[in-house]
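Chemist:
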Amino acid sequence: MADQFVNWLFEADGVDSNEDRTKWQSHIDGLRNAFVRHMGGAVVDVGQLRYIGY
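Here it is in structure tokens:
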């Protein structure tokens, strides 16, 4: 799930991170680590996700 989320972030910005992987690898790692840190793991049970509107 974390890897798919990172791919979606790049896709949303119109960037193909596979095109120049060495250029993007540090960003990929940072985004993946942030996902794991905030979500508690690389895979999250969707039943535990909820939207909190601000």
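So the sequence shown is residues 199 to 252, counted in this note's numbering.
Using N, Cα and C, we set each Cβ at its ideal position, and we do this for glycine too.
No experiment lies behind these values; they were computed from the predicted model shown.
1) State the start and end residues of the unbroken alpha helix (DSSP H) segment that holds Ala232.
2) Given a threshold of 16 other Cβ atoms within 10 Å of its Cβ, counted over all protein chains shown, does Leu247 qualify as buried or as exposed?
3) Kindly indicate the opening and closing residues of the alpha helix (DSSP H) around Asn216.
Modeler: For this structure:
1) It spans 219-237 - the alpha helix (DSSP H) in which Ala232 sits, taken as one unbroken run.
2) Looking at its Cβ environment, which holds fewer than 16 other Cβ atoms inside 10 Å, Leu247 is exposed.
3) Annotation: Asn216 is outside any alpha helix (DSSP H) and is labelled neither H nor E by DSSP.
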